[in-house]
Structure formats: structure tokens, C-alpha cells
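Peer 1: Can you read through this structure? Questions will come right after.
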Amino acid sequence: MWGMWGMWSVWGLMMMLLMLVFWGLVIAGLAVGLRWLVSLARDPRRDRADAALDILRQRYARGEISREEFEAKQRDLA
175 MWGMWGMWSV WGLMMMLLML VFWGLVIAGL AVGLRWLVSL ARDPRRDRAD AALDILRQRY
235 ARGEISREEF EAKQRDLA
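To convert, count from 1 in the sequence shown and add 174; that's the working numbering.
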């Protein structure tokens, strides 16, 4: 009865806008979720522990601490 022009009524335009908003929210949600997952994989606490072990190894290599002290501190950090 209305042919193709029925889609361009007020309701048709509103449905198209709502679909654009819906898909925009879906894509934004996926992007935020992916960014959150990537941030979980890169734990800053792990970076600090690795940095502390590097400092400990350097101090041991320079002879500032004994082997026993090195091993005790290494166990504390692990």
C-alpha cells in the first residue's frame, strides 16, 4: 500500500537512528572490553616485581650483598 515511502515516515527514521545508536554502543562496548582485557594482561605489579629482581641481581653482581642475602630477598620477592 505505501510502497517504499513507508520507511521514510517519522517511525522509520527513528528506527534507523536507534539502530545506529545501538550498533555504535555495541562497537564502543567491544572496544572498551578489549582495552580492559589488554590492561589485565599487562599487570603493573608484575613490572615492579621484575624491576625489583633486576635491582637485586645488579646489587649481587656488584658484590653489595652476599649470596645468602640475595637468595633470601629473591624468595621474598617471588
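Just so it is clear, CB atoms sit at the ideal spot from N, CA and C, and this is done for glycine as well.
None of the values given here were measured: they were computed from a predicted structure.
When you compare the CB positions of A226 and L251, do they come within less than 8 Å of one another, or not?
Peer 2: Here residue 226 refers to the residue found at position 52 when the sequence shown is read from its first residue. Here residue 251 refers to the residue found at position 77 when the sequence shown is read from its first residue. Contact flag set, yes.
Peer 1: What is the DSSP secondary structure of I201, reduced to helix, strand or coil?
Peer 2: Along the sequence shown, one-based indexing puts residue 201 at 27. Helix, per DSSP.
Peer 1: According to DSSP, simplified to helix, strand and coil, what is I239?
Peer 2: As a position in the sequence shown, residue 239 is number 65, starting the count at 1. Reduced to three states, the DSSP call for I239 is coil.
Peer 1: Give the DSSP-derived three-state secondary structure of A252 in the structure shown.
Peer 2: Locating residue 252 in the sequence shown gives position 78, counting from the first residue. Here A252 sits in coil by DSSP.
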